[in-house]
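Data first, discussion second: the structure below is written as structure tokens.
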Amino acid sequence: MSETSERYRALAAEFTRRVEAVPADAWAAQSPCEGWTARDVLRHVVDLHRDIPSWAGLTITLDKHVDDDPVGAWAEARDVLQALLDDPQRARQEYDGMFGRTTAEATIDRFLCFDLLVHGWDIARATGQDERLPADEVTRVFIDVRTLGDNIRHKGVCGPEVRVADNAPEQDRLLAFLGRNP
């Protein structure tokens with residue numbers, strides 16, 4: 001298994017814990033993402049699990065829907081993507097991405113692993129769960145997103161940076177950088 005496959009597995013397990021802990025009536029709760037409920041955040045994550053592999057010409061079929069079965073839709077998307085990452089031939093499928101030649105695996109690592117971390121926090125905040133994130137992943141993602149600078153600030157991606165104290169915990173500084181109020 002690749003490093004990305006193992007990272008995805010760990011982040012997906014944490015995301016799963018949060019998804020499974022959402023009470024049925026809390027999916028309509030407002031998330032930190034403007035105009036999105038907890039269900040909308042999950043729908044976005046599930047949709048990306050289907051869409052990102054298609055950038056590399058890989059087809060992902062998902063039969064379950066977030067509106068009908070949020071937990072089941074997430075479990076299906078997670079399992080299908082983990083199977084892709086565990087297949088070296090599919091994971092290393094190359095394509096021309098927005099930053100040049102890349103692989104499905106590299107894109108999943110940079111974007112979907114980022115989304116699992118940050119949107120896991122969004123769902124936790126929306127539904128009153130423990131908001132702590134894995135410190136090693138916070139560090140990794142914070143280093144990566146800072147290289148993007150303001151290129152990450154687009155409508156529907158990340159809002160303006162929120163001010164926090166310079167000595168705030170790294171998780172708070174990451175979330176603030178991404179336009180969230182920790």
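Counting in full-length UniProt numbering, the sequence shown runs from 1 upward without gaps.
Glycine included, C-beta positions come from ideal geometry on N, C-alpha and C.
Residues bridged to residue 100 by DSSP?
-> As a working mapping, residue 100 is identified with position 100 in the sequence shown. In the DSSP output, where bridge partners are listed per residue, residue 100 has 97.
For residue 106, the nearest candidate out of 175, 179 and 144 (CA to CA) = Position 106 of the sequence shown, counted from the first residue, corresponds to residue 106. It is 144.
Can you have a look at residue 45 and say buried or exposed, based on whether 16 or more other CB atoms are within 10 angstroms of its CB?
-> Translated into the one-based positions of the sequence shown, residue 45 becomes position 45. By the Cβ neighbour-count rule, residue 45 is buried, with 16 or more other Cβ atoms within 10 Å of its own.
Can you list, in chain order, the residues of its chain whose CB lies under 8 Å from that of residue 86, leaving out five sequence neighbours each side?
-> Position 86 of the sequence shown, counted from the first residue, corresponds to residue 86. For residue 86, where only same-chain residues beyond five positions count, the Cβ hits under 8 Å are 1 and 5.
Should residue 185 go down as buried or exposed, given a rule of 16 or more other Cβ atoms within 10 Å for buried?
-> Outside the displayed range of the chain (1 to 182) lies residue 185, so it cannot be described from this structure.
Close beta carbons around residue 118, own chain, < 7 Å, minus the five adjacent residues each side | Along the sequence shown, one-based indexing puts residue 118 at 118. Here the set comprises 178.
Nearest-angstrom Cα separation, counted from residue 12 out to residue 40 = If you number the sequence shown from 1, residue 40 lands on position 40. If you number the sequence shown from 1, residue 12 lands on position 12. Going by the C-alpha atoms only, they are around 18 Å apart.
Would you please state the rounded distance, in angstroms, between the beta carbons of residue 104 and residue 53? I believe it to be under 8 Å.
-> For the purposes of this step, residue 104 is taken as residue 104 along the sequence shown, with counting starting at 1. For the purposes of this step, residue 53 is taken as residue 53 along the sequence shown, with counting starting at 1. About 6 Å separates the two Cβ atoms, so the contact holds.
Within the present structure, is the beta-carbon of residue 61 separated from the nearest heavy atom of the ligand FAD by less than 7 Å?
-> Among the components of this structure there are no ligands whatsoever, and the ligand FAD is therefore not found.
Span separating the alpha-carbon of residue 67 from that of residue 95 | On the sequence shown, position 67 is the one that residue 67 refers to. On the sequence shown, position 95 is the one that residue 95 refers to. Those two C-alpha atoms are separated by around 32 Å.
Proximity to residue 135 [Cα-Cα], best of 165, 157 and 174 = To locate residue 135, count along the sequence shown from 1; it is residue 135. For the residues 165, 157 and 174, the minimum Cα distance to residue 135 belongs to 174.
Proximity winner among 42, 84, 59 and 7, relative to residue 65 (alpha-carbon distances) | If you number the sequence shown from 1, residue 65 lands on position 65. Of the candidates 42, 84, 59 and 7, the one whose C-alpha sits nearest the C-alpha of residue 65 is 42.
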